[in-house]
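Chains U and L, in that order, give the protein sequences. The first sequence: position 135 = 135 (our numbering), numbered continuously. The second sequence: position 226 = 1226 (our numbering), numbered continuously. Yeah, the Cβ is synthetic: ideal placement off N, Cα and C, and Gly gets one too. Note that the coordinates shown come from a computational prediction; the quantities given were computed from them, not determined experimentally.
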Amino acid sequence: MPDVKLIAHIRGWVDERFGLQELAGSLKKKTVPHHKLSYWYFFGGITLFLFGIQVCTGILLLLYYRPSAGEAFESVQYIMTRVQFGWLIRSIHSWAANLMILMVFLHMFSVLFLRAYRKPRELTWISGMILLLLALGFGFSGYLLPWNTLAFFATKVGTEIAGQVPVAGHRMMVFLRGGEDVTGATLTRFFGFHVAVLPGLTTLLILLHLALVQKLGISVPPSVETQWKQNPRIARQMKFFPNFFLREAIAWYLALGVLAAMAAIYPWGLGTKADPFSPAPAGIKPEWYFMFMFQTLKFIPSKVIFIDGEVLGILLFGLAGGIWVLLPFIDNGVRRFGRRIVVGAGVFAVCYIVALTIHGYVAK
Amino acid sequence: MDMSPSRTYLRSLCLLLTVPWTAGLCRAQETDTCVVCHGVLDPPYQVTSEQFSRDIHSQKGLTCAACHGGDPTRTDMDAMSKSAGFRGRIARSQIPALCGSCHSDANSMRKYNPSLRTDQLSQYRTSIHGKRLVQGDSKVAVCTDCHGVHDLRPAADAASNVNPLNIAKTCSRCHANADYMKEYSIPTDQFTKYGTSVHREALNVRGDLSAPTCTTCHGNHGAAPPGVATVQNICSNCHVFQAQLFSKSPHQEAFNAARLPGCVTCHSNHAVLHPGDQNVGTGAEAFCTNCHVAGDAGSVTAKKLHQNLAQLEASIKDSDQVLAKAESSGMEVSGARLELDQARDSLTKARVSVHSFQLGPVEQDIQNGLKVSARTMQAGNEALGEREFRRKGLAISLIFILATMFGLYLLIRQIEHTTNEEQT
């Protein structure tokens, strides 16, 4: 058949230039550990899938979105009401953003509790931490883009908190806002961060993260590793392609189903257009993934000894973040208690984040 | 508070002994010496420096001597001597003239507040209060009764007795006191009635300072009850369109003939309740049935007016419910919601047009409103239809997604089964 010949010819042409056969060969040979805890490793893949969804839906939204204070709200309203399936694209973009951050957190804690960050995977952990920060940056910058009342005041509060950072705080706030106040300049700036700076950095970091995973392989949890060392016959590996890939595909389809359901049953609301001259509505709350930090700052007294409460809160979060990034080195470096410190910190962090997030939504 | 003579003498002696010392202090500080003594006296002679410091006159640099005469720079009792021009306590009958000596003088007032009116005294003389004061009735209100004394604040100050929020209460101190008002043979229930009115709710509950209080209708310095012929003019200051429509309506002539006082005939005066559509028509709460009897032309028109208003209100309500249902399902219907406000505006306009007591203008507003509410109802129904379409689309998508997941699961099983067999 001429078609088969043509395809084979094209494949040969491409392979001659890109070495696809070699790549496919290594993929066919690649294996991953197969054990009862394997499913915890799917969260990373789901996060990657959701990032892809974000890129695709984001590009579609860009066809109609207009990043200016005078037009942003109206353009999103237009997308939601007039553009064919615009509501679906925007709702999926918003829900996938939230689901992606949830998956990032789940991925981080599963890596932490399975101690997958151990030597030599410290850099994988650090690159993951930076990706978490970038995901939060995506959330913060994207939240403002519809230019509605809640987003406007949440950004005002958020950038004000950033302004409390010692030494460079005010400059940082002015840089983020594009001036002293949240204005159209802030929107344009956030748009730039959201669609150019952050995607560029994230893509690079994802490539690095994946390259490290590829190079160092997927970690085996210590408990499983011990069993396998004692009894090498029960050690099992699974082919990455197609066995692991197909399992991951099921997880991706599941995520897609959840996204479709959320978008159809709970389309993402638009609210009212931001009015910089109106008073802030009561009960301004940040997005759920910033809630625990927001609540912490509310609980800290306005003055602790001679330090401003907000400044102290920011310093404490900075310190906690620094320690969090260094957890692999603490685990590897502190011989007897390293593991306990990391697990203890992980359990505390989960309890703290969950409790304060719930409190933030329940308390009046 | 009564004091025994011995206590009064003792107090006076103490004062005489302390005045030179305290006055010395005051001289050093260049303050008004009057408050040094009057600050420690019992009421009604007591005026503390703290109290007087709140007074607008004090804040503008005036001292006690500006009204009471005397020499506040002297430290002995001669400060209150006739030679020092001391006038002592001002008789009630003299208070308006004393206040007017500055407040009616545009040249004097220009130095302190050029925008303040200077016709208060002349207005007061035309008021019931001013006329009766001239006739020797000292119970009527004079300037200080309303504005206060020694801690007199500008009307814009929320704590002032004459701030719009406090005026009704200030008037009620006399006008709601049945014993005090006994000899005047006028009702004393105005304040109680005003308390139930839509005007008080607007002013004191919603904080709308443009809402009327006693002085808005009766005047302040020239306070007098409005006559039957002028009531309509007073209400029309705010309710312009209603008054215009009423004046061109058949009711104007009929009310004049019957000497009925316009607006208040239906809406009452002090107890103006929030009007509703139930007040139009032939129902139990309708004002129209006060004069019209079943079957007469007015009654027929009133009934139709009510039906029109009720029809548009029901239509807006139905439309609102459909939009709310769509909105609670996450559908974007803000445009239709905004448009529905136009229907509400038409209803408001129709309620104003009712004061023409003719079907034509009301029906025109009602029809405009009905067209808008029909459009928004359609928008709401389309949104609900879109919601159903989305849910059906979701159901189909989920079937495909689940089928694919199940297919992948079977594929994995088949691949692994084949691999196991090969290994075996």
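- For Asp1345 of chain L against His1306 of chain L, the beta-carbon gap comes to about 20 Å, at or over 8 Å, which does not count as contact.
- The C-beta of Arg1206 of chain L comes no closer than 8 Å to any C-beta of chain U.
- Within the same chain, and ignoring the five residues on either side of Phe1086 of chain L in sequence, the residues whose Cβ sits closer than 6 Å to its Cβ are Gly1069, Gly1070 and Met1080.
- For Ala235 of chain U, none of the residues of chain L pass the 8 Å Cβ criterion, the least Cβ distance being about 15 Å.
- Contact between Pro267 of chain U and Met1331 of chain L holds: CB atoms are separated by about 7 Å, below the 8 Å threshold.
- Judged by DSSP in its simplified three-state form, Asn1279 of chain L adopts helix.
- Under the criterion of beta carbons closer than 8 Å, Ala251 of chain U and Gly45 of chain U qualify as touching, at roughly 7 Å.
- Per DSSP, reduced to three states, the secondary structure at Asn1204 of chain L is helical.
- In this chain, the alpha helix (DSSP H) harbouring Gln1252 of chain L covers Pro1250 to Ala1258.
- For Met80 of chain U, the chain L residues whose Cβ falls inside 8 Å of its Cβ are Glu1332, in order along the chain.
- Our two residues, Arg121 of chain U and Leu212 of chain U, have alpha carbons roughly 8 Å apart in a direct line.
- In the DSSP assignment, no residue is bridged to Gln1307 of chain L.
- Here the C-alpha atom of Thr57 of chain U lies approximately 7 Å from the C-alpha atom of Arg90 of chain U.
- The residue from U:Ala154, U:Gly25, U:Leu48 and U:Glu74 with its alpha-carbon nearest to that of Tyr289 of chain U is U:Ala154.
- Interface residue (Cβ-Cβ distance to chain U less than 8 Å): Ser1172 of chain L is not classified as such.
- At least 8 Å separates the beta-carbon of Gln164 of chain U from that of Val258 of chain U.
- The distance from the Cβ of Cys1238 of chain L to that of Ala1168 of chain L is about 17 Å, inconsistent with a contact at the 8 Å cut-off.
- Counting only the Cα atoms, His35 of chain U lies some 8 Å from Val224 of chain U.
- Val343 of chain U has its alpha-carbon roughly 15 Å from the corresponding atom of Gly333 of chain U.
- The secondary-structure analysis by DSSP pairs Val32 of chain U across a beta bridge with U:Met238.
- For the options L:Val1322, L:Val1333 and L:Val1352, the alpha carbon positioned closest to that of Leu1309 of chain L is the one of L:Val1352.
- Using beta-carbon distances, Arg247 of chain U counts as an interface residue toward chain L, with a partner under 8 Å.
- Here the alpha carbons of Ser1101 of chain L and Leu1062 of chain L stand approximately 14 Å from one another.
- At a cut-off of 8 Å between beta-carbon atoms, Gly1393 of chain L makes contact with chain U.
- Straight through space, the alpha carbons of Asn1220 of chain L and Gln1123 of chain L are spaced by roughly 9 Å.
- The beta-carbon of Gln77 of chain U is placed less than 8 Å from the nearest beta-carbon of chain L.
- By the rule that beta-carbons nearer than 8 Å mark a contact, Ser1093 of chain L does not touch chain U.
- For Met100 of chain U, the closest of U:Ala274, U:Leu256 and U:Val157 by C-alpha to C-alpha distance is U:Leu256.
- Annotated as distal: Pro232 of chain U and Leu114 of chain U, with beta-carbon spacing of 8 Å or more.
- Between Val182 of chain U and Thr159 of chain U, the C-beta gap is smaller than 8 Å, which places the two residues in contact.
- Restricting attention to U:Ile353, U:Pro328, U:Ser302 and U:Ala349, the CA atom closest to the CA of Lys119 of chain U is found in U:Pro328.
- In the three-state reduction of the DSSP assignment, Asp1042 of chain L falls in the coil class.
- Taking 8 Å as the cut-off, the beta carbon of Met293 of chain U is found closer than this to the beta carbon of Phe317 of chain U.
- Taking C-alpha positions only, Ser1115 of chain L is separated from Gly139 of chain U by approximately 55 Å.
- Judged by DSSP in its simplified three-state form, Lys1131 of chain L adopts helix.
- Looking at U:Ile341, U:Asp275, U:Gly184 and U:Lys285, the one whose alpha-carbon comes closest to that of Thr357 of chain U is U:Lys285.
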